[in-house]
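Position one of the sequence shown corresponds to residue 1 (the UniProt record's numbering), numbered consecutively onward. Here the structure is laid out as structure tokens; the discussion comes afterwards.
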Amino acid sequence: MEKNILIIDDEKNIRMTLEKALAEDNYSIDMAINGEEALKKIKDKHYSVILLDLKLPGMDGIEVLEKINELDYETNIIIITGYGSIESAVKTMKLGAIDYLRKPFKPEKIRELVNEVYEKYDIKIDENAENTEDFNKIINLAKNKINNKDFNEAEKLLQKATGKKSTKPEPFNLLGVIYELQNKQTEAMKMYRAALALDPSYKPADENLERAGRLNPNKDDLNLGENKPENKKE
1 MEKNILIIDD EKNIRMTLEK ALAEDNYSID MAINGEEALK KIKDKHYSVI LLDLKLPGMD
61 GIEVLEKINE LDYETNIIII TGYGSIESAV KTMKLGAIDY LRKPFKPEKI RELVNEVYEK
121 YDIKIDENAE NTEDFNKIIN LAKNKINNKD FNEAEKLLQK ATGKKSTKPE PFNLLGVIYE
181 LQNKQTEAMK MYRAALALDP SYKPADENLE RAGRLNPNKD DLNLGENKPE NKKE
């Protein structure tokens, strides 16, 4: 995967901070101050990672995401915003964003996040997963990957599942499970909340969120979405 990054933000200090942080890892960086300029650059060049501010003058970040989707443009979009509500996070992830980061942030945090993207998404999906278009089969494949601790492949499958059915909570719940297994409790709870924002009645995410909020959560009780058998009385 080529290491071209596009930063889309109207605040000069944010653009400069991001550029300085990422330049340390030898990424090729371009910048745009609004959605119109960004789309022109995107049409002329492929960017494997796009850092997109949600609140832009004129065309906002949501509109930019929608325009990128219309172009059938394969990339990894990270939302950077000072307006990071759960609702906006869910909407951007439904449109294909892979994560979001709230301002203010430390430069090392964005560098760590971008490096993780290149590590995770440089791995191709296996042949069976790539040829699978059925949502439920993709979810089951992702669960198998999680059980085998193949988290990179599982995340790729869950992004595909979200593209198939953007209003379903299952992919977000499973992303939360992955983050918990990686000891990323804050990110995990963010995903569980995103799942519940899509479907407040989705029990696996509700159970996971309640358990994850405890002082010492038991990861043996992670709910991947399977129906738990009930104890029958004799």
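All C-beta atoms, glycine included, are put in the ideal place defined by N, C-alpha and C.
With C-beta atoms as the reference, is N223 less than 8 Å away from P204? Taking the sequence shown and counting its residues from 1, one reaches residue 223 at position 223. Taking the sequence shown and counting its residues from 1, one reaches residue 204 at position 204. In contact: N223 and P204 (Cβ atoms closer than 8 Å).
Could you tell me the alpha carbon to alpha carbon distance between Y73 and Q185, rounded to whole angstroms? Walking along the sequence shown from the start, residue 73 turns up at place 73. Walking along the sequence shown from the start, residue 185 turns up at place 185. Rounded to whole angstroms, Y73 to Q185 spans 31 Å at the Cα level.
Pick from L181, L198, N173 and A197: whose alpha carbon is nearest that of E207? For the purposes of this step, residue 207 is taken as the residue at position 207 of the sequence shown. Cα-wise, what sits closest to E207 is N173.
If you draw a straight line from the C-alpha of E108 to the C-alpha of A21, how long is it? Taking the first residue of the sequence shown as position 1, residue 108 is located at position 108. Taking the first residue of the sequence shown as position 1, residue 21 is located at position 21. Roughly 7 Å between the two C-alpha positions.
Flag this pair as touching only if the region 94 to 104 and the region 59 to 68 have three or more C-beta atom pairs under 8 Å; answer yes or no. yes
Identify which residue in E119, T162 and D150 has its Cα closest to the Cα of I138. Counted from its first residue, the sequence shown places residue 138 at position 138. Looking at the Cα atoms, T162 is the closest of the given residues.
In three-state terms, what does DSSP make of L222? On the sequence shown, position 222 is the one that residue 222 refers to. Coil, per DSSP.
Rounded to the nearest angstrom, what separates D25 and S201 at their Cα positions? Indexing the sequence shown from 1 puts residue 25 at position 25. Indexing the sequence shown from 1 puts residue 201 at position 201. Distance between the alpha carbons of D25 and S201: 43 Å.
For I50 and Y192, I'd like the C-alpha separation in whole angstroms. Counting from 1 along the sequence shown, the entry for residue 50 is found at position 50. Counting from 1 along the sequence shown, the entry for residue 192 is found at position 192. Rounded to whole angstroms, I50 to Y192 spans 25 Å at the Cα level.
Could you spell out the range, first to last residue, of the alpha helix (DSSP H) harbouring I33? Translated into positions along the sequence shown, residue 33 becomes position 33. Taken as a continuous stretch (DSSP letters only), I33 belongs to no alpha helix (DSSP H), as it is neither H nor E.
Between the C-alpha atoms of N115 and I7, what's the straight-line distance to the nearest angstrom? Residue numbering aside, residue 115 sits at position 115 when the sequence shown is read from its first letter. Residue numbering aside, residue 7 sits at position 7 when the sequence shown is read from its first letter. Each residue's Cα considered, the two are about 15 Å apart.
What is the DSSP secondary structure of L101, reduced to helix, strand or coil? Here residue 101 refers to the residue found at position 101 of the sequence shown. Strand at L101.
Should residue 248 go down as buried or exposed, given a rule of 16 or more other Cβ atoms within 10 Å for buried? Outside the displayed range of the chain (1 to 234) lies residue 248, so it cannot be described from this structure.
Less than 8 Å between the CB atoms is what I'm expecting for K165 and F135, so what's the real figure, rounded? Taking the first residue of the sequence shown as 1, we reach residue 165 at position 165. Taking the first residue of the sequence shown as 1, we reach residue 135 at position 135. Yes, K165 and F135 are in contact; Cβ-Cβ is about 5 Å, under 8 Å.
Member of L198, T81 and L157 whose CA lies at the smallest distance from the CA of K168: To locate residue 168, count along the sequence shown from 1; it is residue 168. The shortest C-alpha separation from K168 is found at L198.
DSSP three-state call for T186: helix, strand or coil? Here residue 186 refers to the residue found at position 186 when the sequence shown is read from its first residue. DSSP places T186 in helix when its eight states are reduced to three.
Any idea what DSSP makes of D44, helix, strand or coil? In the sequence shown, residue 44 corresponds to position 44, counting from 1. Helix at D44.
Given a threshold of 16 other Cβ atoms within 10 Å of its Cβ, counted over all protein chains shown, does R214 qualify as buried or as exposed? For this step, residue 214 is matched to residue 214 along the sequence shown. The residue is exposed, with fewer than 16 neighbouring Cβ atoms inside 10 Å.
Starting from N152, follow the beta strand (DSSP E) in both directions and report where the run begins and ends. One-based indexing of the sequence shown puts residue 152 at position 152. Note, N152: premise wrong, no beta strand (DSSP E); alpha helix (DSSP H) at F151 to K164.
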